[in-house]
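Here the structure comes first, spelled out in structure tokens, and everything after it is commentary.
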Amino acid sequence: MLIRFAVENYNSFKGQQVFSMAAGKQTRHASHCFTVNGKRLLKSSFFFGANASGKSNFVRALDFMRRVTLMGTEAIRYNDRFFRIDPAYKEKPGVFQLDFIVENTVFSYGFAIDYLTHEFRAEWLYRLDSSETETCIFEREQGQTIRTDLRLDKNSQLRFEVYCEDLKSDELFLNEVGNKKIDENSGLHDFIVAYEWFKNIIVVYPGSHALNKNNFFLNPATNTDSMINMLRAFDTGIEKIQKGKQLAEKAFSFLPDEVKKDVLNDLEHTIRNESPDNTHCTIEISGYQFKISLENGEIYAEKIMLDHGNPDELFELSDESDGTKRLFDLLPLYESGQKGKIIVVDELDRSFHSKLTEEYIKRFFKITKEKSCQLICTTHDLNLMDLRILRQDEIWFIEREKDHSSRIYSLSDYKQRFDKNILNDYLIGRYGAIPCFQDNEWKVDSE
């Protein structure tokens, strides 16, 4: 689980900005917290702030660190990610650090990246066990030998030295070692534990999908009845989810004949040669998602269809409102929460009625009541700024400073009473992070 995230010199973040999921001393909304190895952590946090304050940049910063750690730098465009308002920051490194806990062990991992040379100036991974003993798993600085406090056996030491020799200056050591096959009993196993943790972070942007929803709802393991109950509870008008299956040739009738022929040939080749079990794959065509299967030499296409009360007249997901489509994107996150994931959503309330957003959050806490998971969101829905809904330490602000940098801070800094109407105080500017409009006239040239 995520404990703390710090970022410096990335997009609108100039100096170091720190975000924490450590729970405060408040006793209200106890179900919004959980305890791991004696550490009390929050299950959720919500960022408020004006447009262009840096809320989305916070999500991008966390996602940037996740992607670079898991995938390396080749697929990541990052040479313009520095604080571009001040040209001097082009030569300064971007610094990222995450403190997180896996089972009973706390890890602190971070790196400093040079935006000009695409090299890493520094990288480190520390471990803090239940006895509060700190161990340097590894630490590297540009041009220096990688050091470690690990007591390794002869074989592990040899492998460690080989990995050090193979490492390039534009590669992360955690990525290099984390991708190797390392035995659980090896002295290098901490690398695998830390690396695998980053796979638990799910990031959802506006317009993107948390998961392939067609795969999710077509998966036999998915509790479809539970999801239908959710759709009914959210007043979508959807009574049932049908799984429409037909010959692919008929399903793709909207395609020109030549295009359809090429698609079918490509699908058969993909299924026979590239799919894990040589029976099915997934494809998206013209905005429609299909699960493709090969049965007795015939290609079938399956997709979800929606029943609004007339089973003879089913609807495509594309027929639904933007809010319902967004709900379909976010419903799978309930299952992710039950699996202990860290879920980060930019603009949770996008296309949602305010009451639906509130209900979504309440149900998240209810569904994940006995689970250790986290939901981190940005939002413009000020109705959530209510201490009857959220704790003080769950409410965060991002404000654009005079130099156009972004500052992160918590409502807890203000030590407000639990019965305070914080929305009124926010709207009058007590906490900052609100738009500052200028009294400029809009002049229109007359002919």
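Numbering (the numbering used here), first residue to last: 19 to 465.
Cβ atoms here follow ideal geometry from the backbone N, Cα and C, with glycine treated the same way.
Tell me whether the beta-carbon of residue i lies closer than 9 Å to the beta-carbon of residue j.
i	j	result
glutamine 183	glycine 196	Note that residue 183 is glutamate in the sequence shown here, rather than glutamine. Cβ distance not < 9 Å, so glutamate 183 and glycine 196 don't count as in contact.
alanine 140	aspartate 411	no
valine 113	alanine 48	no
arginine 165	cysteine 154	yes
glutamine 160	glutamate 137	yes
leucine 351	valine 221	no
isoleucine 482	isoleucine 219	Because the chain in this structure spans residues 19 to 465, residue 482 falls outside the shown range and cannot be described.
isoleucine 119	leucine 59	yes
glycine 358	serine 390	yes
histidine 50	leucine 408	yes
alanine 269	alanine 319	yes
glycine 72	arginine 381	no
threonine 87	phenylalanine 216	yes
valine 362	isoleucine 322	no
What are the residues that DSSP puts in a beta bridge with residue i?
i	result
lysine 261	Ile322
aspartate 117	Arg22, Ser126
leucine 312	Ile317
lysine 461	DSSP lists no partner for lysine 461.
alanine 40	Leu59
alanine 70	Beta-bridge pairing links alanine 70 to no other residue.
tryptophan 414	Phe65, Ser428
leucine 146	Val124, Glu152
Return helix, strand or coil for residue i, following the three-state DSSP convention.
i	result
alanine 48	helix
serine 187	coil
phenylalanine 178	helix
aspartate 167	coil
glutamine 307	strand
glycine 112	strand
serine 424	strand
leucine 351	helix
phenylalanine 76	helix
leucine 402	helix
leucine 332	coil
arginine 381	helix
phenylalanine 209	helix
glutamate 92	coil
tyrosine 449	coil
histidine 287	helix
leucine 393	strand
phenylalanine 138	strand
phenylalanine 31	strand
Thinking just about the alpha-carbon of each residue, which of the options is nearest to the one in residue i?
i	options	result
asparagine 6	Tyr28, Thr53, Ser63	Since the first and last residues shown for the chain are 19 and 465, residue 6 lies out of range.
tyrosine 96	Phe82, Thr87, Phe216, Gly262	Phe82
asparagine 466	Ile440, Asp280, Glu257, Arg425	No statement about residue 466 is possible, as the shown extent of the chain runs from 19 to 465 and does not include it.
phenylalanine 100	Leu146, Gln34, Gly90, Met39	Gln34
histidine 398	Ala70, Ile21, Thr163	Ala70
glutamate 286	Gly262, Leu312, Arg418, Glu202	Leu312
aspartate 364	Ile131, Tyr181, Ala79, Lys461	Ala79
isoleucine 385	Thr242, Ser354, Asn458	Ser354
leucine 265	Asp367, Tyr133, Trp142, Ile310	Ile310
serine 148	Gly56, Arg406, Arg85, Pro224	Gly56
serine 339	Glu316, Val362, Lys387, His371	His371
aspartate 367	Thr396, Glu388, Phe383	Thr396
glycine 225	Ser369, Gln44, Arg85, Gly128	Ser369
Touch check for the region 402 to 412 and the region 371 to 387: three-plus C-beta pairs under 8 Å? yes
Does the region 174 to 188 come close enough to the region 316 to 334 to have 3 or more Cβ pairs within less than 8 Å? no
contact_flag[the region 339 to 346, the region 252 to 264] where n(CB pairs < 8 Å) is 3 or more: yes
Could you tell me whether the region 51 to 66 touches the region 408 to 425, using the rule of 3 or more Cβ pairs below 8 Å? yes
Touching or not, the region 376 to 391 and the region 265 to 275, by the rule of three or more beta carbon pairs under 8 Å? no
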